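Visitor: This structure is in structure tokens; I'll ask about it shortly.
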Amino acid sequence: MASAPLKAQLTDLLNSMFAMDFLDEQFKELQMLEEASGPGFLAEVVTLFCGDAERIISQLSVLINEPVVDFGKVDANVHQLKGSSSSVGAKRVALVCVKFRNVCQENDKEGCIAALHEIRHEFDELHKKFQTMLQLEQQIQVLDSK
Amino acid sequence: MASSQVVKVLIVDDDVVTRRIYRTMLLRFGFEITEAGDGKSAVSQFLIGNEYDLILMDNDMPGMNGVEATRTLRGMGILAKIIAITADANSRGALLDAGADEFLLKPVNFTMLTVILKAFNFLN
Numbered sequence: 001m002a003s004a005p006l007k008a009q010l011t012d013l014l015n016s017m018f019a020m021d022f023l024d025e026q027f028k029e030l031q032m033l034e035e036a037s038g039p040g041f042l043a044e045v046v047t048l049f050c051g052d053a054e055r056i057i058s059q060l061s062v063l064i065n066e067p068v069v070d071f072g073k074v075d076a077n078v079h080q081l082k083g084s085s086s087s088v089g090a091k092r093v094a095l096v097c098v099k100f101r102n103v104c105q106e107n108d109k110e111g112c113i114a115a116l117h118e119i120r121h122e123f124d125e126l127h128k129k130f131q132t133m134l135q136l137e138q139q140i141q142v143l144d145s146k
Numbered sequence: 001m002a003s004s005q006v007v008k009v010l011i012v013d014d015d016v017v018t019r020r021i022y023r024t025m026l027l028r029f030g031f032e033i034t035e036a037g038d039g040k041s042a043v044s045q046f047l048i049g050n051e052y053d054l055i056l057m058d059n060d061m062p063g064m065n066g067v068e069a070t071r072t073l074r075g076m077g078i079l080a081k082i083i084a085i086t087a088d089a090n091s092r093g094a095l096l097d098a099g100a101d102e103f104l105l106k107p108v109n110f111t112m113l114t115v116i117l118k119a120f121n122f123l124n
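So this is what it looks like as structure tokens:
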């Protein structure tokens, strides 16, 4: 089958994402849901998550760079990002959110700046892998439908 | 139950990703799904006359949280089953005291949700 090498590549990618804690068991839950619901669900959820995360991270950057930081608003945004990242199984992003909330609750601006930098890094790494995953899935679908 | 054979569910959560996941979980059972992004919107659904058999209620939401929304709905005489779903285990007591029927910790998995739906007789 023409898609076999791509399927192997996708399997390797996902295995490495689990091994490196980019993803956790919750993502497997979503994979099971897709198997039952049909293709497209995972792509939609991942795309929704990435768009939402990007929006929140941008908002956090604005909030933290205010002359007087509203730590309440920062915390609320980080809480939201933690929620959505936990829901999709984005383990490393969720963990950094926990650290971020801790420094936020201490009203530690420098700590928040460092945590934001870390979240940006973790999300960017995850986003790149998700994009590769979605591209591979799309290519596999095209080949399998021929 | 609401006056139809289809189970009507209201998903209340401020996170669009979480709502999408619950929607997919519940559509597998053929349920009819409505979404609300916060407690006030959830209460408004009932104020405009909509009926639901089941509510999945997040707690930490802007404006009216899950505890307040649950308390308000029970005060209105709403008898729908309410499953409180939140990441904060410490809010369990407050949610159950407010009138929630069951409590789940996020992230929810499909098996856990199915067990509760069966216990509530929403599944044949």
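Protein sequences, first through last, are from chains E and W. For the record, in the first sequence the residue sitting at position 107 is 107 according to UniProt numbering, with numbers rising by one throughout. For the record, in the second sequence the residue sitting at position 35 is 35 according to UniProt numbering, with numbers rising by one throughout. Virtual Cβ for every residue (Gly too), placed ideally from N, Cα, C. This one's a predicted model, so the numbers in the text were calculated from it and none came from an experiment.
(1) Locate the beta strand (DSSP E) running through Ile119 (chain E), then write down its first and last residues.
(2) Pull up the DSSP beta-bridge partners for Ala2 (chain E), would you.
(3) Of all Cβ atoms in chain E, is any one closer than 8 angstroms to the Cβ of Arg20 (chain W)?
(4) Examine the Cβ distances between the stretch 89-103 of chain W and the stretch 62-79 of chain W and report whether three or more of them are shorter than 8 angstroms.
(5) Consult DSSP for Ala69 (chain W) and reduce its assignment to one of helix, strand or coil.
(6) Just to confirm the assignment: which complete alpha helix (DSSP H) runs, minimum length 4, are found wholly within the UniProt domain "Response regulatory" (8-121) of chain W?
(7) Could you check the C-alpha separation between Thr18 (chain W) and Lys106 (chain W) for me, to the nearest Å?
(8) Check whether chain E comes within 8 angstroms of Met112 (chain W), counting only Cβ atoms and requiring the distance to be less than that.
(9) Could you pull the DSSP bridge partners for Ala90 (chain E) from this structure?
(10) Is Gln31 (chain E) near Ser87 (chain E), with beta carbons less than 8 angstroms apart?
(11) Are the beta-carbon atoms of Ser85 (chain E) and Cys97 (chain E) separated by less than 8 angstroms?
(12) Just the Cα atoms here: how many angstroms apart are Ala114 (chain E) and Asp58 (chain W)?
(13) Please confirm if Asp53 (chain W) has its CB atom under 8 angstroms from at least one CB of chain E.
(14) Drop a sphere of 10 angstroms on the beta-carbon of Ser3 (chain W), count the other beta-carbons inside from all chains shown, and report buried for 16 or more, exposed for fewer.
(15) Give the residues from the UniProt domain "HPt" (38-140) of chain E that approach chain W closer than 8 angstroms (Cβ to any Cβ), ordered along the chain.
(16) With a threshold of 8 angstroms between beta carbons, is Met25 (chain W) in contact with chain E?
Guide: Taking the structure as given:
(1) In the DSSP assignment, Ile119 (chain E) falls outside any beta strand (DSSP E) and within the unbroken alpha helix (DSSP H) covering 109-144.
(2) In the DSSP assignment, Ala2 (chain E) is bridged to no other residue.
(3) Under the 8 angstroms criterion on CB atoms, Arg20 (chain W) is classed as interfacial with respect to chain E.
(4) Touching, per the Cβ criterion.
(5) Note: Ala69 (chain W) maps to helix in three-state DSSP.
(6) Positions of the alpha helix (DSSP H) runs, each at least 4 residues long and wholly inside the UniProt domain "Response regulatory" (8-121) of chain W, are given as 16-27, 39-47, 66-75, 92-98, 110-119 in order along the chain.
(7) One C-alpha to the other measures close to 10 angstroms.
(8) No, its Cβ sits nowhere closer than 8 angstroms to a Cβ of chain E.
(9) Per DSSP, E:Leu23.
(10) The answer is no: Cβ separation not under 8 angstroms.
(11) Their beta carbons are under 8 angstroms apart, which means Ser85 (chain E) touches Cys97 (chain E) by this criterion.
(12) Going from the Cα of Ala114 (chain E) to the Cα of Asp58 (chain W) covers about 30 angstroms.
(13) Any Cβ of chain E closer than 8 angstroms to the Cβ of Asp53 (chain W) would place that residue at the interface, and such an atom is absent.
(14) Note that Ser3 (chain W) scores 49 on pLDDT, short of 50, meaning its location in the model is unreliable; the coordinates nonetheless yield the value given after this. The residue in question, Ser3 (chain W), is exposed, as its Cβ has fewer than 16 Cβ neighbours within 10 Å.
(15) Per Cβ criterion, the list reads Phe41, Glu44, Val45, Leu48, Phe49, Asp52, Ala76, His79, Gln80, Lys82, Gly83, Ser84, Ser86, Ser87, Val88, Gly89.
(16) At a cut-off of 8 angstroms between C-beta atoms, Met25 (chain W) counts as an interface residue with respect to chain E.
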